[in-house]
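Q: The opening residue of the sequence shown carries number 1 in full-length UniProt numbering; numbering runs sequentially from there. Beta carbons: idealized from backbone N, C-alpha and C, even for Gly. Sharing a structure here in structure tokens format.
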Amino acid sequence: MTHHSPETRRAAVALKYDAATESAPKVVAKGHGLVAEKIIALAQAQGIPIREDPDLVQVLTQMDLDQEIPPTLYQVVAELLVFVYRMNQRYPHETSSQGV
């Protein structure tokens, strides 16, 4: 069995944002290792676009669940949302706008 340090294990974070009801995106799922793999598998199964950004994931995994992202992350998360929007435009039947 191989043991990985927390820094080398795969991590994942899921964000949710509804501009009509929320003031900022929220962290709705996060985890490392097997939990991260499960988050990624669920996103793939739902057709939710996935983007790898280790630096952003590292910051977001420190946040509490259901916590809105801080204003300091608005720009980088806005860029992520643009990525998702573009993916939804390119592949409308294969993606979902329910999460990131």
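Can you tell which of Ala11, Ala12, Lys38, Tyr17 has the C-alpha that lies nearest to the C-alpha of valine 77?
A: Within the sequence shown, the letter at position 77 stands for residue 77. It is Tyr17.
Q: For the beta strand (DSSP E) containing leucine 15, list its first residue and its last residue.
A: Residue mapping note: residue 15 aligns to position 15 of the sequence shown, counting from 1. Segment 11–16, the beta strand (DSSP E) holding leucine 15.
Q: Mind checking whether alanine 43 and arginine 10 have CB atoms under 7 angstroms apart?
A: As a first step, residue 43 must be located in the sequence shown, where it is residue number 43. As a first step, residue 10 must be located in the sequence shown, where it is residue number 10. No. Outside cutoff.
Q: Considering just the uninterrupted stretch of the beta strand (DSSP E) at alanine 20, what are its terminal residues?
A: In the sequence shown, the residue the question calls residue 20 occupies position 20. Unbroken run through alanine 20: none, as it is neither H nor E.
Q: Since I believe valine 84 is in contact with alanine 12 (beta carbons under 8 angstroms), could you give me their beta-carbon distance rounded to a whole number of angstroms?
A: The residue you call residue 12 lines up with position 12 of the sequence shown. The residue you call residue 84 lines up with position 84 of the sequence shown. Not confirmed; about 15 angstroms, so no contact.
Q: Roughly how many angstroms lie between the CA atoms of leucine 34 and arginine 90, to the nearest whole one?
A: Taking the first residue of the sequence shown as 1, we reach residue 34 at position 34. Taking the first residue of the sequence shown as 1, we reach residue 90 at position 90. Their Cα atoms are separated by approximately 30 angstroms.
Q: Within 10 Å of its beta-carbon, does valine 82 have 16 or more other beta-carbons around it, so buried, or fewer, so exposed?
A: As a first step, residue 82 must be located in the sequence shown, where it is residue number 82. That one is exposed.
Q: Taking only three categories from DSSP, how would you classify tyrosine 85?
A: For the purposes of this step, residue 85 is identified with residue 85 of the sequence shown, where counting begins at 1. Looking at tyrosine 85 - three-state DSSP - the assignment turns out to be helix.
Q: Comparing C-alpha positions only, which one of Lys26, Ile48, Glu22, Ala14 sits nearest to methionine 87?
A: Mapped onto the sequence shown, residue 87 falls at position 87. In this structure, Ile48 is the residue among Lys26, Ile48, Glu22, Ala14 with its C-alpha nearest to the C-alpha of methionine 87.
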